[in-house]
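Remarks on the structure that follows.
In the numbering used here, the protein residues as written are 23 to 273.
Quick look at the structure:
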């Protein structure tokens with residue numbers, strides 16, 4: 023139940039929605055574990071009940087934070103990675119297979135360094151934008167899907183999405199909601215979809231806000247908290263102009 027002229031969200035909204043047929047409501051706020059609230063209004067008016075104005079997703083903020091005077095509850099739950107001893111050589115060997123030493127007249131080591139810095143940033147600073155994106159083009163069997171699975175394990179499965187060509191061409195983009203990384207798989211830009219897809223990708227890379235459009239929901243702008251990586255088996259994965267600055271492309 024929502025009181026007139028009040029805008030709020032809180033942790034137990036599902037409990038409230040499910041309790042309409044109950045005569046009492048158990049409030050889980052601190053100090054109220056054993057208390058019974060006999061109406062929703064009393065629950066909302068109680069000073070121990072936590073109420074916020076908005077539910078947000080922002081990895082750079084604590085669980086509760088203020089935004090332009092509004093009280094916000096952060097739905098992001100960080101994944102804590104425990105370092106262990108191990109051999110990273112298989113991953114380095116994979117990267118060297120992708121980018122040999124003789125790449126671009128002997129710049130392979132430099133490009134491998136760029137790639138590892140780009141990947142490392144996403145792990146060390148989740149949600150912080152990088153204004154460029156890699157495009158990895160190779161034949162099948164080069165392990166492109168391995169990187170996607172590694173990031174799911176390190177950042178959280180719910181925060182890392184793999185998006186198909188059909189999804190990016192759709193008018194709906196629910197895959198941008200609550201994400202830290204998006205992998206565009208088997209990307210291929212043909213003449214008919216070139217402008218539409220390239221404009222979407224440019225906005226996903228650089229814009230601080232993105233339009234979130236899910237089925238049966240009102241379209242709205244949400245903070246852009248994800249970086250993108252494109253993988254493809256096709257040479258026409260994307261189209262570039264001579265002055266393009268957003269892309270690191272490797273074949």
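Glycine included, C-beta positions come from ideal geometry on N, C-alpha and C.
Item to check | Per DSSP, cross-strand counterpart(s) of residue 88 | outcome: 93
Checklist entry - Between residue 144 and chain B, is there a C-beta pair that is closer than 8 Å? => result As a matter of chain content, chain B is missing from the structure shown, which is built from one protein chain.
Item to check | Same chain only: Cβ atoms within 7 Å of residue 242, ignoring 5 sequence neighbours per side | outcome: Around residue 242: 234.
Checklist entry - Does DSSP put residue 245 in a helix, a strand or coil? => result Residue 245: strand per DSSP, three-state reduction.
Item to check | Those residues which DSSP pairs with residue 225 across a bridge | outcome: Residue 225 is not bridged to any residue.
Next on the checklist: Quick check on the DSSP output: the alpha helix (DSSP H) that includes residue 133 runs from which residue to which?
Outcome noted: Where residue 133 is concerned, the enclosing alpha helix (DSSP H) starts and stops at 130–146.
Next on the checklist: If distances are taken between C-alpha atoms only, which option among 248, 265, 272, 258 comes closest to residue 150?
Outcome noted: 248
Next on the checklist: Let me make sure I understand the geometry here. Which of 270, 185, 121 has the alpha-carbon closest to that of residue 165?
Outcome noted: 121
Checklist entry - Using the beta-carbon count (16 or more within 10 Å), is residue 203 buried or exposed? => result buried
Item to check | Where residue 272 falls: helix, strand or coil (DSSP) | outcome: Residue 272: strand per DSSP, three-state reduction.
Item to check | Whole beta strand (DSSP E) elements within the stretch 172–234, 3-residue minimum | outcome: For the stretch 172–234, the continuous beta strand (DSSP E) assignments of 3+ residues that do not extend past its boundaries occur at 182–185, 203–207, 231–234, in sequence order.
Next on the checklist: So residue 98 and residue 80 are supposed to be a Cβ contact under 8 Å. How far apart are they, rounded?
Outcome noted: 6 Å
Checklist entry - Buried or exposed: residue 259, going by 16 or more other Cβ atoms within 10 Å of its Cβ? => result Residue 259 counts as buried, since no fewer than 16 other beta carbons sit within 10 angstroms of its beta carbon.
Item to check | Minimum C-alpha distance to residue 77 - residue among 64, 68, 92 | outcome: 92
Checklist entry - Within 10 angstroms of its Cβ, does residue 137 collect 16 or more other Cβ (buried), or is it exposed? => result buried
Item to check | For residue 156, the first and last residue of its enclosing beta strand (DSSP E) | outcome: 155–159
Next on the checklist: Going by DSSP in three states, residue 76 sits in which element: helix, strand or coil?
Outcome noted: strand
Checklist entry - Heavy atom of the ligand PLP less than 7 Å from the Cβ of residue 64, yes or no? => result You won't find the ligand PLP in this model; it holds no ligand whatsoever.
Next on the checklist: Here's the rule: buried if 16 or more other CB atoms are within 10 angstroms of the residue's CB, otherwise exposed. What is residue 102?
Outcome noted: exposed
Checklist entry - Between 185, 236, 246, which lies nearest to residue 193 when the distance is taken from Cα to Cα? => result 236
Checklist entry - So residue 117 and residue 104 are in contact, right, with Cβ under 8 Å, and what is the actual spacing, rounded? => result Not a contact, Cβ separation roughly 24 Å.
Item to check | 8 Å contact criterion, which residue 199 and residue 227 should meet: CB distance rounded | outcome: Contact doesn't hold; Cβ gap of about 18 Å is too wide.
Checklist entry - Hey, is the stretch 162–176 in contact with the stretch 213–222, meaning 3+ C-beta pairs nearer than 8 Å? => result no
Checklist entry - Roughly how far, in whole angstroms, is the beta-carbon of residue 270 from the beta-carbon of residue 157, given that I think they are within contact range, below 8 Å? => result Taking the Cβ atoms as the reference, residue 270 lies roughly 7 Å from residue 157, within the contact range of under 8 Å.
Checklist entry - In whole angstroms, what is the alpha-carbon distance linking residue 145 and residue 125? => result 26 Å
Checklist entry - Quick one: Cα of residue 189 to Cα of residue 264, how far? => result 28 Å
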